[in-house]
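Note that the protein sequences, when read in sequence, are chains E and V.
For the first sequence, the working numbering assigns the number 1 to the initial residue and increments by one for each residue that follows.
For the second sequence, the working numbering assigns the number 1001 to the initial residue and increments by one for each residue that follows.
Beneath this line is the structure, given in structure tokens, with notes to follow.
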Amino acid sequence: GEDVEQSLFLSVREGDSSVINCTYTDSSSTYLYWYKQEPGAGLQLLTYIFSNMDMKQDQRLTVLLNKKDKHLSLRIADTQTGDSAIYFCAESGGYGGATNKLIFGTGTLLAVQP
Amino acid sequence: DTEVTQTPKHLVMGMTNKKSLKCEQHMGHRAMYWYKQKAKKPPELMFVYSYEKLSINESVPSRFSPECPNSSLLNLHLHALQPEDSALYLCASSQAGGGSPLHFGNGTRLTVT
């Protein structure tokens, strides 16, 4: 079955880099996503990567994909207090027509210390 | 700012009440979703509409009834809920096409008393 795992908590100092890790089990996943959720809010799409890519960079965000090990990571450079949130990785559990069924990871709480 | 708008932001209802959650998007997306999220947990899929037709029902109890009046609107009708149904209800939409990411609203915080 599909299962997406993340570490529960990460604490970093402001200005440092943060690396949030995710492992997934469905080798047929073709798209993988990172979402951010601030307290009391919905999920904000940060970035996503197609499985034929190893890396994708978008400003302070770098996504690395190791398809062999089914490992996905999100690196946030120069982490700021505003980056404090829960980060969810997600894999595409299947799509057809207009539908994209996402399987979410357990979420990682990122705490940024000033 | 989110391009998926959900109302109301907060809702408190009794177990005998009937209420509705509303969701609207104007991005031309042809898939719309309802998710339920309990505290400190990932979102769980409830329903998916594709081209205004219900395509996925994740074995959700019948006290939750979805409706898609048109391609921009999605409703979730609630009746005879239980206290354990208290959660954040998230609406999302996505473009047609494989792997298109979901765009979420800010959710409705539902409390059942």
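Virtual Cβ for every residue (Gly too), placed ideally from N, Cα, C.
Can you have a look at G1097(V) and say buried or exposed, based on whether 16 or more other CB atoms are within 10 angstroms of its CB?
It counts as exposed.
Kindly list, in the order they appear in chain V, the residues whose Cβ is closer than 7 Å to that of F104(E).
P1042 and P1043
Take every Cβ of the stretch 98 to 110 of chain E, pair it with every Cβ of the stretch 1002 to 1009 of chain V, and state whether three or more of those distances are shorter than 8 Å.
no
For N1106(V), write down the residues that DSSP places opposite it in a beta bridge.
Paired residues: none, contrary to the question.
Please return the same chain residues whose Cβ sits closer than 8 Å to the Cβ of C1068(V), not counting the five positions on each side in sequence.
M1032, Y1049, E1052, K1053, L1054, L1074 and N1075
Which same chain residues end up closer than 6 Å to L72(E) when comparing Cβ atoms and leaving out the 5 residues on each side of it in sequence?
Same-chain partners within the cutoff: C22, L32, L65 and C89.
May I have the straight-line CA-CA distance separating W34(E) from A1092(V), to the nearest angstrom?
Using only the alpha carbons, I get a separation of about 15 Å.
Among L1088(V), G1099(V), P1101(V) and V1112(V), which has the Cα closest to the Cα of M1046(V)?
L1088(V)
Quick check: what's the CA-CA separation for D54(E) versus K67(E)?
8 Å
Run through DSSP, which three-state label would E1084(V) get?
helix
Is the shortest distance between the beta-carbon of S88(E) and the beta-carbons of chain V less than 7 Å?
Here residue 88(E) turns out to be Phe, not Ser, going by the sequence shown. By this cut-off, F88(E) is an interface position.
In chain E, which residues lie less than 7 Å from G1107(V) when you measure between Cβ atoms?
G42
Could you check which residue in W1034(V), R1030(V) and N1017(V) has the C-alpha nearest to that of P1066(V)?
W1034(V)
Which residues in chain E sit within 7 Å of L1073(V), going by Cβ to Cβ distance?
Under a criterion of Cβ atoms nearer than 7 Å, no residue of chain E is adjacent to L1073(V); the nearest Cβ is some 15 Å distant.
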